[in-house]
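Line by line, the protein sequences are chains A and B.
0 is the number of the first residue of the first sequence in numbering that gives the first Met the number 0; add one for each residue after it.
0 is the number of the first residue of the second sequence in numbering that gives the first Met the number 0; add one for each residue after it.
Built from N, CA and C at the ideal position, the CB exists for glycine as well.
One structure is given here, and the rest of the page talks about it.
2 protein chains.
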Amino acid sequence: MIDFRPIFLVLGLLLSTLGVGMLLPALVDAASGNPDWRVFLASAAVSLFIGIALILTNRFGSSEINVRQAFLLTTLSWVVTAAFGALPFMFSDLGLTYTDAFFESMSGVTTTGSTVIVGLDDAPPGILLWRSLLQWMGGIGIIVMAVAVLPMLQVGGMQLFRMESADSSEKILPRAAQFAGAIGFLYLGLTIICAAALWIAGMSPFEGLAHAMTTIATGGFSTSDQSIGHFDNAAIDYILVLFMIVGSLPFVLYLHVLRGHHRPLWHDSQVHWFLIIALGSVIGIALWRWNTGDEAFSDAFRYTSFNVVSIMTGTGYSTADYNQWGGIAIPAFFFLMFVGGCAGSTSCGVKIFRLQVLYAAINVQMHHLLQPHGVFIPRYNKKPIPDPVISSVMSFFFLFAVCYAGLALGLGALGLDFITATSGAATVIANVGPALGDVIGPAGTFADLPSSAKWLLSFGMLLGRLELFTVLVLFSPSFWRG
Amino acid sequence: MIDFRPIFLVLGLLLSTLGVGMLLPALVDAASGNPDWRVFLASAAVSLFIGIALILTNRFGSSEINVRQAFLLTTLSWVVTAAFGALPFMFSDLGLTYTDAFFESMSGVTTTGSTVIVGLDDAPPGILLWRSLLQWMGGIGIIVMAVAVLPMLQVGGMQLFRMESADSSEKILPRAAQFAGAIGFLYLGLTIICAAALWIAGMSPFEGLAHAMTTIATGGFSTSDQSIGHFDNAAIDYILVLFMIVGSLPFVLYLHVLRGHHRPLWHDSQVHWFLIIALGSVIGIALWRWNTGDEAFSDAFRYTSFNVVSIMTGTGYSTADYNQWGGIAIPAFFFLMFVGGCAGSTSCGVKIFRLQVLYAAINVQMHHLLQPHGVFIPRYNKKPIPDPVISSVMSFFFLFAVCYAGLALGLGALGLDFITATSGAATVIANVGPALGDVIGPAGTFADLPSSAKWLLSFGMLLGRLELFTVLVLFSPSFWRG
């Protein structure tokens, strides 16, 4: 039997935090004279009431949790946050159904950025702030998970990032709390710097803050239906490119920088690979666009770099309908969705370190084919990769392919056309945001999809965000057999 | 330095066989009064001349080859056969360019079945027979490779099928020759049975033979532009379904059946998985079509079973434009392309045994997550899978994904639209034949693609047919460093 008390305790803490968070949009709406402040206040009351009740009834449980509890807690954290985070969307002026509200909320906390809301430019500031806040909280949440929880659970090769000092799963909760404190200040600081830069470049303070929160979280919710294209400002574009990249590198390395150690950041092979793939894709596609179109190179580079970085990091802003770029651009955007950023960042996808591990394994295979009796050792960051990490990463990759195919087939069965189904599955499992094609591409919206598709897509976001295994293990009979 | 003499000797034998093979369409064209018999005779003369010259000049080399030579020989066998097999296409009435002729020939010997020829119904019998012969020879060729060569080269987990009696790569050539003899009679016998059945069901003897050869080879070249839809005959459809399945099971197991041992065939887990995936897909899509359309169930079942089995086994016949089926059908056909048949058959794709190994590995991962200190062993056919086989299979899967993405990106760069590029890459790397969409779907043709795309697609066919590593290893600098 699983002891639910420590799980409920943490969920209670999360819900209380969420409730307090809802007071911010309530204040903003009240200040701007929008009646929606009552909606946020009521949602805050519900969340706080249930949150505090959970804390009070479960406060005497153990603070140590086992592996099973950790899996359940991780998945439930995201599901419960999304479920309660949806309340303001449902009761506000927007009048969304609960399906739409849950989709929007899940898209927020998983930092995906797909939206069902049309008319953002005229939406009340409270709702806009709430969307940004959900992504911002989802972003810090996933960093804490990726650094303090997943490596101990040995999910998908994340044990590669296990710290020497803590290798017992019983200490998950204390460690997570300790790490969250340290990283929280950093995260807040980066957000403020980004917001200030955006304000100087021409956004209003509110727009700057809203976008800074969704940029550092590589989330991609915007305050305009046209996303960043609305601002049509090169400085804003390049500031966002910089901070989308900042959001996709391992945050632990920034802590080293703060302590004066720059070396770990600049010598990390994951960072190198990320930058090489991003730069290579940007230059390749920019040259192709320059060559085939009639744009100046500076424009081709600006639009390409923004949209490529946005898709690859899984942010999901857009400044152009790259769907119309044709040629190599569309398959390139499709495959870049899967790449993602670094482990321990706010971005999703297969992730750079897994591509490195898989590349090292293939390299060893090639050498082994030519010298069957030779001994070759795959390496990551110059250190040998332990065998269990390799098989864990490889299993992740295959599972990713299977889940992706399952989502795409499911979306097809629900009536979506080929490009919508295949790119929609990609965009949710990699937490990107927009997909390809006319329906849910950068110029489209998820609003018109059938409800069943929205639930499936929401599940896909959760699956991708929690590295598949964390969610799927709950569906294995042996999980519940104990 | 690589000793090319044994390689050239085998290539000489292959070219001579090809030359002799060209005499068959020459006879058929001569008998039907078509002047193309001269083209076949001339092509035969060229092939025989070069083939015999290679044999004579290299006959004193060693009959033992090392690993490097085996890789080179395998790849060159397919390239040289395709290059010379293209001659009749180029010089015949069809007047194809060498690009088109090479594409058609490579599509033949790799048993892919994509075609650039329009007007098959009026084409001379010699050309039709030659297309079938290329696929038929490609089919037996790949079985011999898969059983006698690839397991020893340890390509992509094929070492799982290594026979106990022979584990030294030096004996590759004698073993291949010995095995080819045994399997050749079986292959011929199955072809004759299939041809007779098709003739009884209503095809002309020529059509029956032509289709029997491309069915057992899971190749898919037809004698009509409308493929099997031309005959509109349920008996023919079901006979072909049966023999496409026969072509996709491990041929070694048939040898056991001939010796009176039925058990290995019926108890092979690869065979079970293949049948379950095929049957599951057919029933699922047939029910969906029956439910959403206005067909009788028997019709829905007939068209679905034929086209699903054709795509999954990589045969590539069609009796309907499934491109118009919409909904789940199109993504289902897309993912089924990748599945393929069993190892040691004429079919291609990722192959069933690899999916089994990957599934077993994921299953072990799941158990390991819940019990980090437990010991779990992945199994195939009830036997533990050695670790090197697992990593070999997993590397293959990742490499397959990378090569697929590379091909799709390349096709996009050459100007193909999204569905043509992504499904075209899938259909060549899995040796299927038709792709999806209007251009190269079941109702389209590859004729209108740019030449550069045809060369890239031809390379993709070769890559897929020879299990990726066999070809790619030649591009590694350490291969040539010695």
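Closer than 7 angstroms by beta-carbon distance: list the chain B residues that pair up with A/THR421, in chain order.
-> PRO330
Three-state secondary structure (DSSP) at B/LYS453?
-> helix
Count the other CB atoms, across all protein chains shown, that sit within 10 Å of the CB of B/SER309; report buried if there are 16 or more and exposed otherwise.
-> buried
Cβ contact check for the region 239-254 of chain A and the region 302-319 of chain A: 3 or more pairs under 8 angstroms = yes
Can you find at least 3 beta carbon pairs, one from the region 131-149 of chain B and one from the region 101-108 of chain B, that sit closer than 8 angstroms?
-> yes
Whole-Å CB distance - A/THR213 paired with A/GLY219, under 8 angstroms assumed = 6 angstroms
Bounding residues of the alpha helix (DSSP H) (the contiguous stretch that carries A/THR214) = 204-215
Could you tell me whether the region 43-50 of chain B touches the region 456-475 of chain A, using the rule of 3 or more Cβ pairs below 8 angstroms?
-> Counting Cβ pairs under 8 angstroms, fewer than three are found: no touch.
Which residue from A/ILE418, A/SER390, A/VAL143 and A/ALA420 puts its Cα closest to that of A/GLY156?
-> A/SER390
Local conformation of B/TYR316 per DSSP, three classes = coil
Around the Cβ of A/ASP437, are there at least 16 other Cβ atoms within 10 angstroms (buried) or fewer (exposed)?
-> exposed
Can you tell me the Cα-Cα spacing of B/SER304 and B/SER203, whole angstroms?
-> 24 angstroms
Comparing the C-beta of A/LEU435 with each C-beta of chain B, is any distance below 8 angstroms?
-> yes
Measuring CA to CA, which of A/MET0, A/ASN380 and A/ALA216 is closest to A/THR109?
-> A/ALA216
CA nearest to the CA of B/ASN65, picked from B/GLY18, B/VAL356, B/HIS229 and B/ASP2 = Among B/GLY18, B/VAL356, B/HIS229 and B/ASP2, the Cα nearest to that of B/ASN65 is on B/ASP2.
Nearest to B/VAL79 (by Cα), restricted to the options B/GLY60, B/LEU71, B/SER91 and B/LEU10 | B/LEU10
Keeping to the same chain, check which residues put their C-beta closer than 7 angstroms to that of B/LEU462; ignore five residues upstream and five downstream.
-> CYS402, ILE428 and VAL470
First and last residue of the alpha helix (DSSP H) that includes B/VAL307?
-> 296-311
Chain B contact residues for A/SER477, given Cβ-Cβ distances below 9 angstroms | MET365, HIS366, LEU369 and GLN370
Can you tell me which of the three DSSP states B/ARG161 falls into?
-> coil
Counting only beta-carbon atoms, is B/GLY326 nearer than 8 angstroms to chain A?
-> yes
If you pair each beta-carbon of the region 410-417 of chain B with each one of the region 323-341 of chain A, do three or more pairs fall below 8 angstroms?
-> yes
Relative to the C-alpha of B/SER477, which residue among A/ALA211, A/GLY440, A/LEU13 and A/LEU368 is closest?
-> The residue with the shortest Cα to Cα distance from B/SER477 is A/LEU368.
Identify the residues that DSSP records as bridge partners of B/ARG378: which are they?
-> Per DSSP, B/PRO383.
Expressed to the nearest angstrom, what Euclidean distance is found between the alpha-carbon atoms of B/ILE439 and A/LEU408?
-> 22 angstroms
B/ASP236 and B/ARG301: beta carbons closer than 8 angstroms?
-> yes
Cβ-based burial, A/VAL307 [other Cβ within 10 Å; buried from 16] | buried
Check the Cβ of A/GLN153 against every Cβ in chain B and list those closer than 7 angstroms, keeping chain order.
-> LEU368 and PRO371
Endpoints, alpha helix (DSSP H) assigned at B/ARG67 | 66-84
B/PRO383 versus B/ALA196 - alpha carbon distance | 41 angstroms
Listed from N- to C-terminal order along the chain, which residues in the region 404-428 of chain B have their beta-carbon within a distance smaller than 7 angstroms of any beta-carbon of chain A?
-> ALA404, ALA407, LEU408, GLY411, ALA412, GLY414, PHE417, ILE418, ALA420 and THR421
With DSSP run on the structure shown, which of helix, strand or coil describes B/GLY414?
-> Residue state, collapsed to three classes: coil.
Given a cut-off of 8 angstroms, decide if B/VAL349 and B/PHE396 are closer than it, judged by their beta-carbon atoms.
-> yes
Do A/LEU252 and A/LEU185 have their C-beta atoms closer together than 8 angstroms?
-> Cβ distance not < 8 angstroms, so A/LEU252 and A/LEU185 don't count as in contact.
Between A/VAL27 and the ligand HEM, is the CB less than 7 angstroms from at least one heavy atom?
-> Questions concerning the ligand HEM fall outside what the structure shown contains, since it holds no ligand whatsoever.
Exposure label - A/GLY112; buried when at least 16 CB within 10 Å = buried
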